[in-house]
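K.L.:
Counting with mature numbering (1 follows the signal peptide of the UniProt record, and there is no 0), you get residues -21 to -1, 1 to 489 for the letters of the sequence shown.
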Amino acid sequence: MASATLLYFVLTWSSVRVGKSVESLFNMKCQPAVGVIGQTTHISCSIDYFPISINTVVLTRSGEEKPCFTFQPYVNRVTGDSRFKVENGPSLQLHNTAISDEGEYWYLIRTSLGNEKVKFTISVTGKYSNPIITFVPEKIVNGEHADLYCSASGGYPAGTIHWFDRSNTNWTKSATLQSTQGNDGLFTLSSKLSFQKINRACAPYRCVVLNNKYEEEGENTFHLEIKGLFNMKCQPAVGVIGQTTHISCSIEYFTDPKPISINTVVLTRSGEEKPCFIFQPYVNRVTGDSRFEFKAENGPSLQLHNTVISDESKYTYFIQTNRGTDKVKFTISVTSKYSNPIITSMPEEVVDGEHADLYCNASGGYPAGTIHWFDQSNTNWTKSTTLQSTQGNDGLFTLSSKLSFQKINRACAPYRCVVLNNKYEEEGENTFHLERKDIPLHTPAGDSIVKNSIAPLVLIGSLIVGLLIVRLLKRSCDSQLKRVISLDRSVDFSKDPDDVEDEKALIEPI
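#1: Taking residue 390 as the reference, which of 377, 411, 378 and 400 has the closest Cα?
#2: Output yes or no for whether 8 angstroms exceeds the beta carbon distance between residue 292 and residue 219.
#3: Have a look at 376, 270, 329 and 150 and flag the residue whose alpha-carbon is nearest the alpha-carbon of residue 401.
#4: Kindly indicate the opening and closing residues of the beta strand (DSSP E) around residue 85.
#5: Go ahead and pull the three-state DSSP assignment for residue 78.
#6: Between the Cα of residue 58 and the Cα atoms of 281, 77, 35 and 91, which residue gives the shortest distance?
#7: For residue 176, count the other beta carbons within 10 Å of its own beta carbon; 16 or more makes it buried, fewer makes it exposed. Which is it?
#8: According to DSSP, simplified to helix, strand and coil, what is residue 341?
#9: From residue 146 to residue 181, what does the alpha carbon distance come to, in whole angstroms?
#10: Does DSSP classify residue 179 as helix, strand or coil?
#11: By the three-class DSSP mapping on this structure, what secondary structure does residue 257 have?
#12: Whether or not the stretch 258 to 278 and the stretch 328 to 338 are in contact is what I'm after, with contact meaning three or more pairs of Cβ atoms, one per stretch, closer than 8 angstroms; do they touch?
#13: Just reading off the beta strand (DSSP E) that residue 195 is part of, what are its end residues?
#14: Closest by CA to residue 164, which one among 254, 143, 80 and 66?
#15: Count the other CB atoms, across all protein chains shown, that sit within 10 Å of the CB of residue 264; report buried if there are 16 or more and exposed otherwise.
#16: Using the three-state DSSP reduction, which class does residue 347 fall into: helix, strand or coil?
#17: Counting C-beta neighbours from all protein chains within 10 Å, is the total for residue 211 16 or more, i.e. buried, or is it exposed?
#18: Just mark residue 461 as buried or exposed, buried being the case when its beta carbon has 16 or more other beta carbons within 10 Å.
#19: Closest Cβ-Cβ distance between residue 131 and chain B: below 8 angstroms?
#20: CA-CA distance, residue 335 and residue 327?
#21: Starting from residue 38 and walking both ways along the beta strand (DSSP E), at which residues does that stretch end?
#22: For a quick check, are the C-beta atoms of residue 16 and residue 135 less than 8 angstroms apart?
#23: Report the CB separation of residue 388 from residue 322 in whole angstroms; it is logged as a contact under 8 angstroms.
#24: Can you tell me where the beta strand (DSSP E) with residue 107 in it begins and where it stops?
#25: State the DSSP-derived secondary structure class of residue 308, mapped to helix, strand or coil.
In structure tokens, the structure reads:
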């Protein structure tokens, strides 16, 4: 009986040891993980027994049967989502985290001391952009209707926007919030705060972006400007590269004019938030692009020194004065005059009645222009040409035009190339003269009296023949161009180029 009892306890103890080795002789714990979209998420796991040899790790999403990640360290074999990596011990990393990674996971490890399985969660977040405040109307007047808009994007999960005034009173209940989820899963928040009569005493107004845990992720402030007792106007400015551009602005008074003292000027390029130029006259402080200059004696007008192509843009100009503020918009356009054109020919020595190509080149201009060709009667040959426009690294353009002839006609010479800017205003011209090559006359030797008597006759005959040839060539040129309307020397380049070419260009297939 005693031996039977002893055998029972031995078997029972053995079965307990065997069962424990199949499960595990240790405990594993994993903490909930919070990842940021596009970054690496760290999944922290620990074992209460060390050292231990891990043979296999298997990760399976909750509700799915097929593992999403399997790793066998001894053969360095990975199956499934390669963004997962085994870190220190049983801990994991998830690279390039995405919204779709959010969820519950089962984590199984097989070791030399048995197996263990735990569950953990991955939560995903995306931070919202810094909010932008816009408003309607463009010029808000104290005591009148106004709408303020606050927008932020690129966040996850859905958050919210709160509004506060200068005393930190929460105006959110008076606002409406719209939350939109894009195809990428990220949210855009847009909040509208409306006032029947906006009160400058409560300004500035502040909008604050909060994530789903009500933690602040960004804010912006709206300052209510006092509408001035005047109106400012600025004319569009046209500058020349390398020179000083004058931006002409003036002030128009609503009431009797009184001296205005400008305290601050702020210039901002269209599409940018940060001002490109700020000037405070009383402390003589300049911030931003020092090429801009403000002189009090010129009123609100500005100057831009050493103008470059990149200055071409729309600008918003704000001034603050002792009689209020005002804001206007203006544009700066940039130009550069083309060099005087140069004409070359191929072949170098052009022969009347033979094939010839004329080339006209001009460079250093901006914006892109064009080249037109004319003959001695001002007939436009531009439709028979090819134009190439090339923009260099400095932004300036080089124009090259080619006029080809199967048989060039001296009667139509000289040929003129004219460089036109983008407004079809003439900027330069050059002329190609087709020189006549005379054939030398060889007279036999003889009596000097005979020579003297024959020489005048030969001269007169040559002149008559020459005049007849010129007349015949002129008729030939006129016949060739009979379908073309001759232009006056002072060509009107203000016409649309298509109209000019359709009406006056010579159509001669080459």
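Here a beta-carbon is modelled for each residue, glycine too, at the ideal position from N, C-alpha and C.
P.N.:
Here's the rundown:
#1: Along the sequence shown, one-based indexing puts residue 390 at 411. That would be 411, whose Cα lies nearest to the Cα of residue 390.
#2: As a working mapping, residue 292 is identified with position 313 in the sequence shown. As a working mapping, residue 219 is identified with position 240 in the sequence shown. Remark: C-beta atoms of residue 292 and residue 219 do not approach each other more closely than 8 angstroms.
#3: In the sequence shown, the residue the question calls residue 401 occupies position 422. Comparing Cα-Cα distances from residue 401 to each of 376, 270, 329 and 150, the minimum goes to 376.
#4: What you label residue 85 is simply residue 106 of the sequence shown in a count that begins at 1. Looking at the DSSP string, the run of the beta strand (DSSP E) that includes residue 85 is 82 to 90.
#5: Working through the sequence shown from its first residue, we reach residue 78 at position 99. Reduced to three states, the DSSP call for residue 78 is helix.
#6: Looking up residue 58 in the sequence shown gives position 79. Ranking the options by Cα distance to residue 58, first place goes to 35.
#7: The residue given as residue 176 occupies position 197 in the sequence shown. Looking at its Cβ environment, which holds fewer than 16 other Cβ atoms inside 10 Å, residue 176 is exposed.
#8: Mapped onto the sequence shown, residue 341 falls at position 362. Note: residue 341 maps to strand in three-state DSSP.
#9: Here residue 146 refers to the residue found at position 167 when the sequence shown is read from its first residue. Here residue 181 refers to the residue found at position 202 when the sequence shown is read from its first residue. Cα-Cα distance, rounded: 7 angstroms.
#10: Counted from its first residue, the sequence shown places residue 179 at position 200. Here residue 179 sits in helix by DSSP.
#11: Indexing the sequence shown from 1 puts residue 257 at position 278. Correct three-state label for residue 257: strand.
#12: no
#13: Position 216 of the sequence shown, counting from 1, holds the residue named residue 195. First-last of the beta strand (DSSP E) with residue 195: 195 to 201.
#14: Locating residue 164 in the sequence shown gives position 185, where the first residue counts as 1. Residue 164 has its Cα closest to that of 80, out of 254, 143, 80 and 66.
#15: As a first step, residue 264 must be located in the sequence shown, where it is residue number 285. Residue 264 should be labelled exposed.
#16: Locating residue 347 in the sequence shown gives position 368, where the first residue counts as 1. In the structure shown, residue 347 sits in coil (DSSP, three-state: anything other than H, G, I, E or B).
#17: In the sequence shown, residue 211 corresponds to position 232, counting from 1. With 16 or more other Cβ atoms within 10 Å, it is buried.
#18: As a working mapping, residue 461 is identified with position 482 in the sequence shown. Unreliable positioning characterises residue 461 in this predicted model, as indicated by a pLDDT of 45, which lies under 50. The coordinate reading is nonetheless provided below. With fewer than 16 Cβ atoms within 10 Å of its Cβ, residue 461 is classed as exposed.
#19: The chain labelled as chain B is not found in the depicted structure, where only one protein chain is given.
#20: In the sequence shown, residue 335 corresponds to position 356, counting from 1. In the sequence shown, residue 327 corresponds to position 348, counting from 1. Rounded to the nearest angstrom, the two C-alpha atoms are 9 angstroms apart.
#21: Your numbering for residue 38 matches position 59 in the sequence shown. Residues 33 to 40.
#22: As a first step, residue 16 must be located in the sequence shown, where it is residue number 37. As a first step, residue 135 must be located in the sequence shown, where it is residue number 156. Yes.
#23: Numbered from 1 along the sequence shown, position 409 holds the residue referred to as residue 388. Numbered from 1 along the sequence shown, position 343 holds the residue referred to as residue 322. About 17 angstroms separates the two Cβ atoms, so there is no contact after all.
#24: For the purposes of this step, residue 107 is taken as residue 128 along the sequence shown, with counting starting at 1. Element bounds for residue 107: n/a, residue is neither H nor E.
#25: Position 329 of the sequence shown, counting from 1, holds the residue named residue 308. Residue 308 falls in the strand class under three-state DSSP.
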